[in-house]
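Just below is one structure, and these are the notes that go with it.
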Amino acid sequence: MTDSELDDLLQPPATPTGGGLNQRVWRRTAGVLRRRVWRRRILVAGAIAASFVGGLALSFRPATLHTSESTVIVKETLKPSTGETFVSLTDLEQQAELADTGERARLYFLAGQRYGAERGDWSAALRCYKQALDAAPQAAEQIDPKTDDWLLMALKIERQKE
Amino acid sequence: MSEAGRVQRESALRAAVLAGDVDAWQAWYVEAFAALHAYVLWRLGGRIDRAEEIVQESWLVAVRKIGDFDPKQAAFLTWLRAIAANLVRNDLRQRRRRPTVVSLNGDMANRGADVDRAESIAAALAALPEHYERVLQAKYVDGRSVQEIAEDSGQSFKAVESLLTRARQAFRDAYTGDAPLRSHAQ
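For the protein sequence lines, the chains are E and D, in the order given.
Residue numbers 1 to 162, in the working numbering, belong to the letters of the first sequence in order.
Residue numbers 1001 to 1186, in the working numbering, belong to the letters of the second sequence in order.
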């Protein structure tokens, strides 16, 4: 084989024009790219939605924590005086019912606070607070935001209006 | 454009394409399409039908794997040609397993002879060591002079001239089936 023949074999063939190969390949590759962009957008949107849902879920956490903090505070305020044992709510309400007028009011207030704070049982708390205010009507005149919960404050305000 | 400028530009294009910028992809596409097509045709000895498939597949692989492209290691066109070269090799391997039956009558005989010639060129190029294939590509496909190839590759004029001579001889041997190719790779 001569050098000239070798050069002929190695010469690049003429590239055909037309036929639409260029456009055809362009459409396919651009399509791949566009689909990738859409996939990414969907993923980003999904991530944002997931973050939103996660944020919503987390937003309930502080409320829960707040409740437990209240519980701790209330428990501290409701601790019986020295020498007094910490009784169950049922027993406490029963003791209140059987106690003298002054002590009765104190025990009903205590029971009402504990029903609300420990169990979230506001109907039981309402029952006890009503009993306490009936036993000591003068207590309705003083509202103490540090020790009175929202229900007791509302009842006192109601009593003051009467 | 300097090598540092090319790396900077191609890094920016790569980042833009990865972010989904179709215009950036188009800039690359327009620049490289004809060069890749010419290369694939050359590698296939002028088989237009096969070349179209390989070109299409090469671009699709490129757009899907653009994240693998590292501008510091090679230019985009070099990377693209490497993808095409792999596809050509795979294509040749597959066709060797399924030989084409060609009629020897009339026009078909001429077509058959062209196909045979194309197949032999493609097989000879595919069998060359990579540095031989690269120097032949630079000279014949890219039309670079020996001096330019020497400057691009950082070698001396003499070294490139000698490399080109050995590469041409290796191709000749492979095409005529004379000698084991890898013995020329020294």
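The beta-carbon is built from N, C-alpha and C at its ideal position, and this holds for glycine as well.
Small disclaimer: the values here were computed from a predicted structure and weren't measured.
Worksheet item: Which class does E:P137 belong to by DSSP, given the choice of helix, strand or coil?
Response: Helix.
Item to complete: Specify the secondary structure class of E:S88 as computed by DSSP and reduced to three states.
Response: coil
Worksheet item: Would DSSP call D:Q1169 helix, strand or coil?
Response: helix
Worksheet item: For E:M1, which residues in chain D fall below 8 Å Cβ to Cβ?
Response: R1172, Y1175 and T1176
Worksheet item: Hey, D:A1051 and D:R1089: beta-carbon distance below 8 Å or not?
Response: no
Practice prompt. Whole angstroms is fine: what's the gap from E:G55's alpha carbon to E:L133's?
Written response: 43 Å
Discussion item. Closest to E:L110 by C-alpha separation, out of E:A96, E:G120 and E:R119, would be which residue?
Written reply: E:A96
Fill in: Proximal residues, the segment 1073-1100 of chain D versus chain E, C-beta separation under 8 Å
none
Fill in: Secondary structure of E:R127, DSSP reduced to three states
helix
Item to complete: Determine the contact status of E:L33 and D:V1022, defining contact as a CB-CB distance below 8 Å.
Response: yes
Worksheet item: What is the C-beta distance between E:A105 and E:A135, in whole angstroms, given that I count them as a contact (C-beta under 8 Å)?
Response: 4 Å
Worksheet item: Among the residues of its own chain, which have a CB less than 8 Å from the CB of E:R159, if the five just before and after it don't count?
Response: Only residues of its own chain outside the window of five on either side were considered, and among them L133, P137 and A140 have a CB closer than 8 Å to the CB of E:R159, listed in chain order.
Worksheet item: For chain E, is any of its Cβ atoms less than 8 Å away from the one on D:Y1132?
Response: no
Fill in: Residue environment, E:R39, which counts as buried when at least 16 other CB atoms sit within 10 Å
exposed
Worksheet item: If you follow the alpha helix (DSSP H) that D:S1002 is part of, which residue opens it and which one closes it?
Response: It is not in any alpha helix (DSSP H) - D:S1002 carries neither H nor E in the DSSP assignment.
Worksheet item: Any idea if E:I48 is buried or exposed, counting beta-carbon neighbours within 10 angstroms, 16 or more meaning buried?
Response: Exposed: under 16 other Cβ atoms inside 10 Å.
Worksheet item: Within the 8 Å Cβ cut-off, does E:L10 reach chain D?
Response: yes
Practice prompt. Name, please, each residue of chain D whose Cβ falls closer than 7 Å to the Cβ of E:G26.
Written response: Note on identity: in this sequence residue 26 of chain E is Trp, with Gly being the wrong assignment. The answer, in chain order, is Y1029.
Worksheet entry | Members of the segment 1146-1163 of chain D that neighbour chain E once the beta carbon cut-off is set at 9 Å | none
Practice prompt. Output the residue ranges of the beta strand (DSSP E) runs that lie fully inside the segment 9-72 of chain E and measure 3 residues or longer, sorted by chain position.
Written response: none
Item to complete: Work out the CA separation of E:F60 and E:D148 for me, nearest whole Å.
Response: 24 Å
Worksheet item: Can the beta-carbon of D:Y1029 be found closer than 8 Å to that of E:T29?
Response: yes
Discussion item. My parser needs the beta strand (DSSP E) runs of 3 or more residues fully inside the segment 1047-1103 of chain D; what are they?
Written reply: none
Discussion item. Could you give the first and the last residue of the continuous alpha helix (DSSP H) run that contains D:A1027?
Written reply: V1022 to R1043
Practice prompt. Leaving aside the five residues before and after D:S1156 along the sequence, list all residues of the same chain whose C-beta is less than 8 Å from its C-beta, in chain order.
Written response: Scanning its chain for C-beta atoms nearer than 8 Å, with the 5 sequence neighbours on each side dropped, one finds around D:S1156 the residues A1150, in chain order.
Worksheet entry | Per-residue burial, D:H1131 [other beta carbons within 10 Å of its own, 16 or more giving buried] | By the 10 Å Cβ count, D:H1131 comes out exposed.
Discussion item. Taking CB distances under 8 Å as the criterion, tell me whether D:V943 reaches chain E.
Written reply: Chain D is shown only over 1001 to 1186; residue 943 of chain D falls outside these bounds and no answer can be derived.
Worksheet item: When you check each C-beta in the segment 28-60 of chain E against every C-beta of chain D, which residues fall closer than 7 Å?
Response: R28, T29, A30, V32, L33, R34, R36, V37 and R40
Worksheet item: Is there at least one Cβ from chain E nearer than 8 Å to D:R1050's Cβ?
Response: No, D:R1050 does not count as interfacial toward chain E.
Practice prompt. Out of D:R1144, D:W1025, D:W1059 and D:S1153, state which residue places its alpha-carbon closest to the alpha-carbon of D:R1081.
Written response: D:W1059
Worksheet item: Between which two residues does the alpha helix (DSSP H) carrying D:V1135 extend?
Response: E1130 to L1136
Worksheet item: Just how far apart, CA to CA, sit D:L1013 and E:R41?
Response: 20 Å
Discussion item. For the alpha helix (DSSP H) containing D:V1146, name the first residue and the last one.
Written reply: Where D:V1146 is concerned, the enclosing alpha helix (DSSP H) stretches over V1146 to S1153.
Practice prompt. Given a cut-off of 8 Å, decide if E:L6 and D:R1172 are closer than it, judged by their beta-carbon atoms.
Written response: yes
Discussion item. Tell me which residues share the same chain as D:V1141 and place their Cβ nearer than 7 Å to its Cβ, disregarding the 5 neighbours each side in the sequence.
Written reply: A1038, Y1039 and W1042
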